[in-house]
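Undergrad:
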Amino acid sequence: MSQLDWKENLTPINRQFDDIYYADEDGLAEARYVYLLNNSLPEKWKPKSDYAIAELGFGTGLNFFAVLDLWFRNKMEDSKLRYSSCEKFPLTGDDITKALSRWPELQPQLKNFLTVYDPQRPGFQKIKLSTNVELDLFIGDVSEFLSQLQSPIDTWFLDGFAPRKNPEMWSDEVFDRVLKLSSPSASFATFAAAGFIRRGMLDRGFQVSKVAGFGRKREMLRGHLA
Ligand SMILES: C[S@@+](CC[C@H](N)C(=O)[O-])C[C@H]1O[C@@H](n2cnc3c(N)ncnc32)[C@H](O)[C@@H]1O
């Protein structure tokens, strides 16, 4: 389980990695900018079709709940969303509740999620939050998650802690698996801007752009397969 400290505005800090889970200015605005806007969501969601998002690093679930909020606001009733994510150091339900308490619009889905979330159970847990949305949450290491993840993935959220603090989430093996599991038009986004990530994704055939980051972060990366 994760050991947390808290900023005054209830942004969690992971003690082991000495890193924050999201921007303390406004994590939800960051999730919407970095992961939704820069993956062209909701434009890529089409009526009557299936869509798969995979995230590396579930943390508080903020990115997931930001996606759900967008999905329901866009009334995607006749399409299906599969959101897969992994977490090696899960937060307790109480810590997730505390972290996300800042955002009233996320509360109804969070409440449903907490009735079934079990951070102590390793492996995949399938959490159905509506008839057309499924969360496949893997409690365990990213490499095991990627070796069991069902392809194709349309959109990637690469959201490990800062690469120098959390290299396992940004390894060549991870980049290889991301490519292997991607749909032909897959995209990715990440708050990180490190040169080795840019080159790693370029080497695997992604067209990569460095764009303005959120808040105090100068740059971030996004990309898509040609
Ligand atoms: C920046 S945080 C993710 C924030 C998250 N997306 C959110 O919305 O709150 C990075 C996450 O990656 C997890 N993590 C770090 N190393 C991991 C590993 N080897 N396998 C799986 N998860 C890992 C951390 O525990 C942490 O929750």
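Residues 131 to 356 in our numbering are what the sequence shown lists, from first letter to last.
Glycine is no exception: its CB is placed at the ideal position from the N, C-alpha and C atoms.
Should the stretch 230-242 be regarded as contacting the stretch 208-215, the criterion being three or more beta carbon pairs within less than 8 Å?
TA: Touching, no, given that fewer than three Cβ pairs across the two stretches are closer than 8 Å.
Undergrad: Kindly indicate which residue of Pro314, Lys205, Leu134 has the alpha-carbon position closest to the one of Val172.
TA: On the sequence shown, residue 172 is found 42 positions in, with the first residue counted as 1. For clarity, residue 172 is Pro in the given sequence; the question names Val instead. Closest by alpha carbon: Lys205.
Undergrad: Please classify Asn139 as buried or exposed, where buried requires at least 16 other C-beta atoms within 10 Å of its C-beta.
TA: Counted from its first residue, the sequence shown places residue 139 at position 9. Asn139 is exposed by the Cβ-count criterion.
Undergrad: Can you give me the C-alpha to C-alpha distance between Cys216 and Tyr152, rounded to a whole angstrom?
TA: Position 86 of the sequence shown, counted from the start, is the residue given in the question as residue 216. Position 22 of the sequence shown, counted from the start, is the residue given in the question as residue 152. Their backbone Cα atoms lie some 16 Å apart in a straight line.
Undergrad: Taking just the CA atoms, how far does Leu351 sit from Gly330?
TA: Taking the sequence shown and counting its residues from 1, one reaches residue 330 at position 200. Taking the sequence shown and counting its residues from 1, one reaches residue 351 at position 221. Taking the straight line from one Cα to the other gives about 12 Å.
Undergrad: In the DSSP output, which residue or residues are listed as bridge partners for Ile269?
TA: By one-based count along the sequence shown, residue 269 stands at place 139. For Ile269, which the question treats as bridged, DSSP gives the partners Glu217, Gly253.
Undergrad: So what's Trp175 in DSSP terms, helix, strand or just coil?
TA: What you label residue 175 is simply residue 45 of the sequence shown in a count that begins at 1. It is coil, neither helix nor strand.
Undergrad: With a threshold of 16 other CB atoms inside 10 Å of the CB of Asp284, please say whether the residue is buried or exposed.
TA: What you label residue 284 is simply residue 154 of the sequence shown in a count that begins at 1. By the neighbour-count rule (16 or more Cβ atoms within 10 Å), Asp284 is buried.
Undergrad: Could you give the residue range of the alpha helix (DSSP H) that holds Leu192?
TA: The residue given as residue 192 occupies position 62 in the sequence shown. Per DSSP, Leu192 belongs to the alpha helix (DSSP H) from 192-203.
Undergrad: Does the Cβ of Arg145 have 16 or more other Cβ atoms within 10 Å, making it buried, or fewer, making it exposed?
TA: Start at 1 with the first residue of the sequence shown, and residue 145 comes out as number 15. Arg145 should be labelled exposed.
Undergrad: Where does the unbroken beta strand (DSSP E) through Lys295 begin, and where does it stop?
TA: To locate residue 295, count along the sequence shown from 1; it is residue 165. Note, Lys295: premise wrong, no beta strand (DSSP E); not H, not E.
Undergrad: Whole angstroms are fine: how far does the CA of Ser315 sit from the CA of Ile150?
TA: Here residue 150 corresponds to residue number 20 of the sequence shown, with the count starting at 1. Here residue 315 corresponds to residue number 185 of the sequence shown, with the count starting at 1. The straight-line gap from Cα to Cα measures roughly 31 Å.
Undergrad: Could you check the C-alpha separation between Trp175 and His354 for me, to the nearest Å?
TA: On the sequence shown, residue 175 is found 45 positions in, with the first residue counted as 1. On the sequence shown, residue 354 is found 224 positions in, with the first residue counted as 1. Spanning the two alpha carbons is a distance of roughly 15 Å.
Undergrad: So for Gly157, helix, strand or coil by DSSP?
TA: Reading the sequence shown from its first residue, position 27 is the one you call residue 157. Of the three classes helix, strand and coil, the one that applies to Gly157 here is helix, per DSSP.
Undergrad: For Met331, name the three-state secondary structure that DSSP assigns.
TA: For this step, residue 331 is matched to residue 201 along the sequence shown. Helix, per DSSP.
Undergrad: Under three-state DSSP, which class holds Arg346?
TA: Residue mapping note: residue 346 aligns to position 216 of the sequence shown, counting from 1. Three-state result, Arg346: coil.
Undergrad: I'd like to check one pair, Glu185 with Asp271: are the Cβ atoms closer than 9 Å?
TA: The count along the sequence shown starts at 1 and reaches residue 271 at position 141. The count along the sequence shown starts at 1 and reaches residue 185 at position 55. Result no, Cβ atoms of Asp271 and Glu185 do not sit closer than 9 Å.
Undergrad: Which word fits Asp224, buried or exposed, when buried means at least 16 other C-beta atoms lie within 10 angstroms of its C-beta?
TA: Walking along the sequence shown from the start, residue 224 turns up at place 94. Flag for Asp224 reads exposed.
Undergrad: Assuming Ala319 contacts Val164 (C-beta within less than 8 Å), just tell me the rounded distance between them.
TA: Within the sequence shown, residue 319 is the residue found at index 189, counting from 1. Within the sequence shown, residue 164 is the residue found at index 34, counting from 1. Confirmed, about 6 Å.
Undergrad: Can you list, in chain order, the residues of its chain whose CB lies under 7 Å from that of Ala324, leaving out five sequence neighbours each side?
TA: As a first step, residue 324 must be located in the sequence shown, where it is residue number 194. Result list for Ala324: Pro293, in chain order.
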